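Taken in order, these protein sequences are the chains called A and B. Per my numbering, the very first residue in the first sequence carries number 9; after that it's consecutive. Per my numbering, the very first residue in the second sequence carries number 306; after that it's consecutive. So the structure is just underneath, and the comments pick up after that.
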Amino acid sequence: MTALLAHPALVLILGAVAIAVLRGHARSGLVVTLPLLALYLLWSLPDGTHAHIRFLELDLQPLAIDKLSRLFGTVFAIMLLAGGLFGLNQQSRVELPAAFVYGGAAIGVTLAGDLVTLFVCWELMAIGSTVVIWSGAAGAYRASMRYLSIHLLGGVLLMAGIAGHVAAGGSVAFDRLSLDSAAHWLILAGFLVNVGAPPLSAWLPDAYPEASWSGMVFLSAFTTKTAVYVLLRGFPGVELLVYIGLFMIFYGIVYALLENDMRRILAYSIVNQVGFMVVGIGLGTQMALNGAAAHAFTHIIYKALLLMSAGSVLLMTGRRKCTDLGGLFRSMPVTAVCGIVGALAISSFPLTSGFVSKSMISQAAADEHLLYVWLALAAASAGVFLHAGIKFPWFVFFQKDSGLRPPDPPWNMRLAMIFFAVLCIGLGVAPGPLYALLPYPIDYVPYTAAHVVTQLQLLLFSGLAFFVMLGLLRRTLTITLDVDWLYRVPLPAIARALSRSWATAARSVGAAVVPRLRDTGARFYREHGLEGLAARTSPTGSMALWLMIMLLAYLLLYYL
Amino acid sequence: MEQHWLVRPATIRKLWLGFILILAATLAAELFVSHDAHFGIEASFAFHAWYGFLSCAALIGVARLLGLILKRRDSYYEERE
Numbered sequence: 009m010t011a012l013l014a015h016p017a018l019v020l021i022l023g024a025v026a027i028a029v030l031r032g033h034a035r036s037g038l039v040v041t042l043p044l045l046a047l048y049l050l051w052s053l054p055d056g057t058h059a060h061i062r063f064l065e066l067d068l069q070p071l072a073i074d075k076l077s078r079l080f081g082t083v084f085a086i087m088l089l090a091g092g093l094f095g096l097n098q099q100s101r102v103e104l105p106a107a108f109v110y111g112g113a114a115i116g117v118t119l120a121g122d123l124v125t126l127f128v129c130w131e132l133m134a135i136g137s138t139v140v141i142w143s144g145a146a147g148a149y150r151a152s153m154r155y156l157s158i159h160l161l162g163g164v165l166l167m168a169g170i171a172g173h174v175a176a177g178g179s180v181a182f183d184r185l186s187l188d189s190a191a192h193w194l195i196l197a198g199f200l201v202n203v204g205a206p207p208l209s210a211w212l213p214d215a216y217p218e219a220s221w222s223g224m225v226f227l228s229a230f231t232t233k234t235a236v237y238v239l240l241r242g243f244p245g246v247e248l249l250v251y252i253g254l255f256m257i258f259y260g261i262v263y264a265l266l267e268n269d270m271r272r273i274l275a276y277s278i279v280n281q282v283g284f285m286v287v288g289i290g291l292g293t294q295m296a297l298n299g300a301a302a303h304a305f306t307h308i309i310y311k312a313l314l315l316m317s318a319g320s321v322l323l324m325t326g327r328r329k330c331t332d333l334g335g336l337f338r339s340m341p342v343t344a345v346c347g348i349v350g351a352l353a354i355s356s357f358p359l360t361s362g363f364v365s366k367s368m369i370s371q372a373a374a375d376e377h378l379l380y381v382w383l384a385l386a387a388a389s390a391g392v393f394l395h396a397g398i399k400f401p402w403f404v405f406f407q408k409d410s411g412l413r414p415p416d417p418p419w420n421m422r423l424a425m426i427f428f429a430v431l432c433i434g435l436g437v438a439p440g441p442l443y444a445l446l447p448y449p450i451d452y453v454p455y456t457a458a459h460v461v462t463q464l465q466l467l468l469f470s471g472l473a474f475f476v477m478l479g480l481l482r483r484t485l486t487i488t489l490d491v492d493w494l495y496r497v498p499l500p501a502i503a504r505a506l507s508r509s510w511a512t513a514a515r516s517v518g519a520a521v522v523p524r525l526r527d528t529g530a531r532f533y534r535e536h537g538l539e540g541l542a543a544r545t546s547p548t549g550s551m552a553l554w555l556m557i558m559l560l561a562y563l564l565l566y567y568l
Numbered sequence: 306m307e308q309h310w311l312v313r314p315a316t317i318r319k320l321w322l323g324f325i326l327i328l329a330a331t332l333a334a335e336l337f338v339s340h341d342a343h344f345g346i347e348a349s350f351a352f353h354a355w356y357g358f359l360s361c362a363a364l365i366g367v368a369r370l371l372g373l374i375l376k377r378r379d380s381y382y383e384e385r386e
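Written out as structure tokens, the structure is:
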């Protein structure tokens with residue numbers, strides 16, 4: 009049990025309380041040291057299970073670690089470090105503590121050796137992330153409630169699945185699950201809600217961009233990537249995931265191409281990137297699973313970098329629409345350069361982190377001779393450059409001169425961006441340390457002449473397509489309807505209509521029933537009311553008398 | 306106001322010229338690297354170049370078509386909620 013005191017997730021979650029209470033330098037110091045402490049604890053734990061708790065006859069293992077959980081735990085802790093540094097100036101006093109609970113719970117998921125601990129951390133993440141969204145701008149409350157509803161639905165699916173699995177005699181330990189029972193399908197469905205899979209992908213671009221300029225940086229990292237982690241562990245090689253992932257990839261690209269809000273572009277691109285990981289998990293070979301895990305690691309860093317860049321623009325200008333932005337490279341050079349590094353990394357340019365991770369997934373598809381999957385992945389790689397790699401920096405930092413001349417953000421935000429930009433390039437130039445963290449032995453050389461040349465051809469000619477077809481990509485003041493339309497427009501309308509007709513029905517039923525009820529009530533009052541027969545009191549003496557008579561009767565019967 | 310050097314028409318012309326030279330260079334490089342193509346189609350000349358370009362054109366086309374049906378003014382939800 010004492011091992012639990014050194015649980016990285018517990019340290020972060022308890023630390024969140026201290027962050028909420030403290031002020032000034034003590035708070036800033038804690039925000040930076042807590043993730044470092046979590047990293048230290050994570051790396052000082054040897055592989056294996058370090059704590060057992062008996063609960064309702066179940067053997068819970070809240071602290072189990074292996075290579076895969078260490079990889080995800082590490083990148084989550086790094087994310088909290090940079091995100092905390094970036095968000096130090098946030099006026100909201102709730103957001104950072106909520107983000108630390110959220111990130112701590114995400115690490116809790118990666119260290120959960122059993123399904124019950126996993127579920128508890130899963131729900132804690134839902135609460136933490138909802139509060140993070142909640143502390144955003146004015147429209148954020150409604151969005152956060154829609155977000156919470158979807159995630160509670162996912163939680164119910166997961167809980168039902170876990171209960172069914174355990175009731176059928178399954179072990180509560182979290183291991184690979186086969187899709188042979190309804191319970192396991194429910195667990196998969198619960199995981200898929202959080203990964204942003206269809207048909208509910210819309211929760212992500214609906215809610216995340218409503219968070220504050222710093223809040224979305226945290227949101228981009230934890231929910232979808234813990235879902236990738238649990239799919240990697242629970243459902244590797246499930247073929248269905250290949251198709252779900254491909255859908256997510258193209259859904260993300262097409263919607264991002266139509267989008268005008270810079271952070272919604274990046275939100276759609278989260279679904280797109282997670283789609284690559286889901287395809288890798290579905291392919292299920294060691295190369296593909298390594299690729300999915302590596303891509304989760306690099307993606308967290310470059311997507312956070314992109315969102316820090318967008319968040320800086322939002323903080324310094326107060327604007328989020330591409331139609332209002334443009335030309336900011338003049339006065340925000342650090343933000344622009346860091347944004348471009350993130351954009352190159354998400355596009356998998358050689359010498360950036362995306363190049364050394366995403367290509368493993370394509371390679372796995374080629375190794376398995378899956379031509380159509382491979383072609384789709386190649387088209388998608390071109391599309392990523394199109395919708396995120398060029399579109400985001402072009403419309404925000406170049407495009408036209410919007411006349412805005414905001415300065416770069418404060419030093420701590422610049423430092424956080426530079427830290428992640430250095431990581432994006434560092435991992436791309438020297439992928440060795442990342443490859444050493446991957447769950448399976450790796451035999452992959454990203455930098456071959458053919459790979460570099462073909463990737464450059466793919467990306468640069470996509471760039472050509474972007475600039476040739478720029479007229480077709482002109483931004484308009486529009487949004488694009490998505491599945492969330494169903495629960496934002498028709499369903500509430502149906503509910504309102506139903507409640508209106510329910511009220512009418514209730515009135516007419518009431519008119520018929522109320523007089524009868526009143527009669528019955530009056531009769532009851534006559535019998536049981538203050539003056540009623542049943543409510544009459546009896547003196548203690550008669551009570552004693554009756555008791556004596558009964559005891560005598562008993563005595564008599566006993567002797568008979 | 307003095308235009309930033311990066312957005313002057315002369316610079317943009319030079320940038321386009323440089324871009325086209327780089328594109329040509331990636332095509333030329335194809336002649337000097339040995340391919341280990343997994344699929345027949347990958348062995349066609351400059352496969353990644355034309356495939357990337359056409360994929361992007363197709364994606365933009367699909368997005369435009371979808372936009373025709375699903376685009377709404379960005380105050381759509383505020384007017385309804």
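The beta carbon of each residue, even a glycine, is placed where N, CA and C say it ideally should be. Nothing here was measured: the structure is a model prediction, and the numbers come from that model.
Straight-line gap, Phe406(A) to Leu249(A) (C-alpha atoms, nearest Å): Their Cα atoms are separated by approximately 38 Å.
C-beta atoms of Leu291(A) and Ala372(A) nearer than 8 Å: With contacts defined as CB atoms closer than 8 Å, Leu291(A) and Ala372(A) qualify as a contacting pair.
Beta-carbon proximity check, Leu265(A) vs Ile365(B), cutoff 8 Å: Yes.
Anticipated Cβ contact below 8 Å, Phe84(A) with Gly111(A), distance rounded: Confirmed, about 6 Å.
Option in Ile278(A), Asp183(A), Asp269(A), Met153(A) with minimal Cα separation from Val203(A): Residue Ile278(A) is the option with its Cα nearest to Val203(A).
Backbone CA spacing between Asn268(A) and Ala72(A) [nearest angstrom]: Answer to the nearest angstrom: the Cα atoms are 44 Å apart.
Cβ-Cβ distance between Ile273(A) and Lys399(A) below 8 Å: Contact: yes.
Residue(s) in a DSSP beta bridge with Gly56(A): Answer by DSSP bridge pairing, in chain order: Ile73(A).
C-beta contact flag for Met133(A) and Thr232(A) at 8 Å: Taking 8 Å as the cut-off, the beta carbon of Met133(A) is found no closer than this to the beta carbon of Thr232(A).
Local conformation of Leu394(A) per DSSP, three classes: It is helical.
Minimum Cβ-Cβ distance from Ala36(A) to chain B less than 8 Å: Note that residue 36(A) is Ser in the sequence shown, not Ala. Not one chain B Cβ lies under 8 Å of Ser36(A).
Pairwise C-alpha distance: Thr306(A) and Ser143(A): Here the alpha carbons of Thr306(A) and Ser143(A) stand approximately 27 Å from one another.
Through-space distance from Gly397(A) to Val430(A), alpha-carbon basis: Cα to Cα, the separation comes out at about 18 Å.
Chain B contact for Ser277(A) (CB, 8 Å cutoff): No, its Cβ sits nowhere closer than 8 Å to a Cβ of chain B.
First and last residue of the uninterrupted alpha helix (DSSP H) at Lys319(B): Under the DSSP assignment, Lys319(B) falls in the alpha helix (DSSP H) whose first and last residues are 314-334.
Member of Ala384(A), Met425(A), Leu412(A), Ala552(A) whose CA lies at the smallest distance from the CA of Leu359(B): Ranking Ala384(A), Met425(A), Leu412(A), Ala552(A) by Cα distance to Leu359(B) puts Ala384(A) first.
Whole-Å CB distance - Leu489(A) paired with Leu370(B), under 8 Å assumed: Actually they do not touch by this definition, with Cβ atoms about 14 Å apart.
Local Cβ density within 10 Å of Asp188(A), reported as buried at 16 or more and exposed below that: Here Asp188(A) is exposed. Its C-beta has fewer than 16 other C-beta atoms within 10 Å.
Cβ pair count under 8 Å reaching 3, the segment 435-443 of chain A against the segment 354-366 of chain A: Taking 8 Å as the limit for Cβ pairs, the verdict is that the segment 354-366 of chain A does touch the segment 435-443 of chain A.
Residue interval of the alpha helix (DSSP H) (run including Asp527(A)): Run containing Asp527(A): 498-536, per the alpha helix (DSSP H) assignment.
From Leu568(A), Met324(A), Val128(A), residue whose alpha carbon lies closest to that of Arg413(A): Nearest neighbour of Arg413(A) by Cα position, chosen from Leu568(A), Met324(A), Val128(A), turns out to be Met324(A).
Candidates Ala511(A), Ala171(A), Gly299(A), of which the one nearest Leu64(A) by Cα: Per the Cα distances, Ala171(A).
8 Å Cβ cutoff met for Gly198(A) and Leu166(A): In this structure, Gly198(A) places its C-beta atom within 8 Å of the C-beta atom of Leu166(A).
Pair within 8 Å by beta-carbon distance, Ser222(A) and Phe94(A): Taking 8 Å as the Cβ cut-off, Ser222(A) and Phe94(A) qualify as a contacting pair.
Separation of Leu336(B) from Val321(A), as counted between CA atoms: Taking the straight line from one Cα to the other gives about 43 Å.
CB contact flag (Ala312(A), Tyr216(A), <8 Å): No. Outside cutoff.
Proximal residues of chain B, C-beta to C-beta of Gly529(A) below 9 Å: Close partners of Gly529(A) in chain B (Cβ separation under 9 Å) are lacking, with about 43 Å as the shortest Cβ gap.
Any chain A beta carbon closer than 8 Å to Leu344(B): The question names Leu, yet the displayed sequence has Phe at residue 344(B). Taking CB atoms only, Phe344(B) has a neighbour in chain A less than 8 Å away.
Ile261(A) vs His395(A) beta-carbon contact at 8 Å: Yes, they are a contact pair.
Buried or exposed by the 16-neighbour rule on C-beta atoms within 10 Å, applied to Tyr443(A): Buried, because 16 or more other Cβ atoms sit within 10 Å of the Cβ of Tyr443(A).
Same chain only: Cβ atoms within 6 Å of Tyr237(A), ignoring 5 sequence neighbours per side: Excluding residues within five positions, the ones whose Cβ falls inside 6 Å are Phe80, Thr118.
Asp379(B), DSSP secondary structure in three states: Asp379(B) falls in the coil class under three-state DSSP.
Limits of the unbroken beta strand (DSSP E) element including Thr486(A): It spans 486-488 - the beta strand (DSSP E) in which Thr486(A) sits, taken as one unbroken run.
Cβ shell of Gln281(A) (< 6 Å), same chain only, five flanking positions each side left out: Within its own chain, the residues whose Cβ lies closer than 6 Å to the Cβ of Gln281(A), once the five positions on either side in sequence are excluded, are His307, listed in chain order.
Within the segment 129-179 of chain A, ranges of the beta strand (DSSP E) (whole runs, at least 3 residues): Taking only runs of at least 3 residues, no beta strand (DSSP E) segment lies wholly in the segment 129-179 of chain A.
Within chain A, partners of Lys376(B) - CB distance below 9 Å: Contact of Lys376(B) with chain A by beta-carbon distance below 9 Å involves Leu266, Thr484, Thr486, Ile487, Thr488, Leu489.
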